[in-house]
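Since the structure comes first, as structure tokens, the remarks are kept for the end.
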Amino acid sequence: MAGNWAGGGNVTLDDGSKERLRCRASYAVAGINMTMTLTCASDSYKFVLSANVADQGGAVTGTWSESSRNISGTLQGRGGGGSFEVVASTAGFNGNISLRTAGAKQSINIRADSQFRAASIALSR
Numbered sequence: 297m298a299g300n301w302a303g304g305g306n307v308t309l310d311d312g313s314k315e316r317l318r319c320r321a322s323y324a325v326a327g328i329n330m331t332m333t334l335t336c337a338s339d340s341y342k343f344v345l346s347a348n349v350a351d352q353g354g355a356v357t358g359t360w361s362e363s364s365r366n367i368s369g370t371l372q373g374r375g376g377g378g379s380f381e382v383v384a385s386t387a388g389f390n391g392n393i394s395l396r397t398a399g400a401k402q403s404i405n406i407r408a409d410s411q412f413r414a415a416s417i418a419l420s421r
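Just so it is clear: in the sequence shown, position 98 is 394 by our numbering, and no numbers are missing.
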């Protein structure tokens, strides 16, 4: 997973509208710790999601932030072998993030209960 990735996908907003996304991601892995930055933008929407997580025996915990909206919180879930299923939480917000990596391909699916409803992203090295 470590390294730089790029690709795109779609974002669904709370009014049901969908927009194409252009995305890039960067991952740094050191032992059980991983730092991630995912930047995605459409013509009218942008988000910058950063996370610091630790994987201890398949239990994933950590923190996240979204800089364009100045929010942050905790991450908790399961992971291993290039796949992660986590819940990102903060006051008034919960989001489910699924990340799967197979070789040089990666898929990220995000579901949330906010202005940002969902994103489906495909990245490659």
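Note that CB positions come from ideal geometry on N, CA and C, so glycine has one too. Being a predicted model, the structure only gives us computed values, none of them experimental.
Check your understanding: With 16 other CB atoms within 10 Å as the buried threshold, where does Gln352 fall?
Key -> Reading the sequence shown from its first residue, position 56 is the one you call residue 352. Exposed.
**Study point:** Counted within 10 angstroms of its Cβ, other Cβ atoms place Ser338 as buried (16 or more) or exposed
**Key:** Here residue 338 refers to the residue found at position 42 when the sequence shown is read from its first residue. Answer is buried; the Cβ neighbour count reaches 16.
Check your understanding: Ends of the beta strand (DSSP E) at Tyr323?
Key -> Residue 323 sits at position 27 when you count from the first residue of the sequence shown. Taken as a continuous stretch (DSSP letters only), the beta strand (DSSP E) holding Tyr323 covers 314-326.
Check your understanding: With distances taken between CB atoms, is the gap from Ala415 to Val344 smaller than 9 angstroms?
Key -> Your numbering for residue 415 matches position 119 in the sequence shown. Your numbering for residue 344 matches position 48 in the sequence shown. Their beta carbons are not under 9 angstroms apart, which means Ala415 does not touch Val344 by this criterion.
Review point. Which residue or residues does DSSP assign as beta-bridge partners of Asn390?
Key: The residue you call residue 390 lines up with position 94 of the sequence shown. DSSP output for Asn390 lists Ser385 as bridge partner(s).
Check your understanding: Can you name, in chain order, every residue of its own chain whose Cβ lies under 6 angstroms from the Cβ of Arg396, other than the five neighbours on each side?
Key -> Indexing the sequence shown from 1 puts residue 396 at position 100. These residues qualify, in order along the chain: Ser379, Ser403.
Review point. Any idea if Val383 is buried or exposed, counting beta-carbon neighbours within 10 angstroms, 16 or more meaning buried?
Key: Taking the sequence shown and counting its residues from 1, the one referred to as residue 383 is at position 87. Under this definition Val383 is an exposed residue.
**Study point:** Limits of the beta strand (DSSP E) - the one that Gly303 falls within
**Key:** The residue given as residue 303 occupies position 7 in the sequence shown. Its beta strand (DSSP E) spans residues 299-309.
Point to revise | Same chain, Cβ closer than 7 angstroms to Gly376, five either side skipped, listed in chain order | key: Taking the first residue of the sequence shown as position 1, residue 376 is located at position 80. Asp351, Gly354.
Check your understanding: Given Asp409, which residues of its chain have a CB within under 8 angstroms of its CB, disregarding the five upstream and five downstream residues?
Key -> In the sequence shown, the residue the question calls residue 409 occupies position 113. Phe389, Asn390, Gly391.
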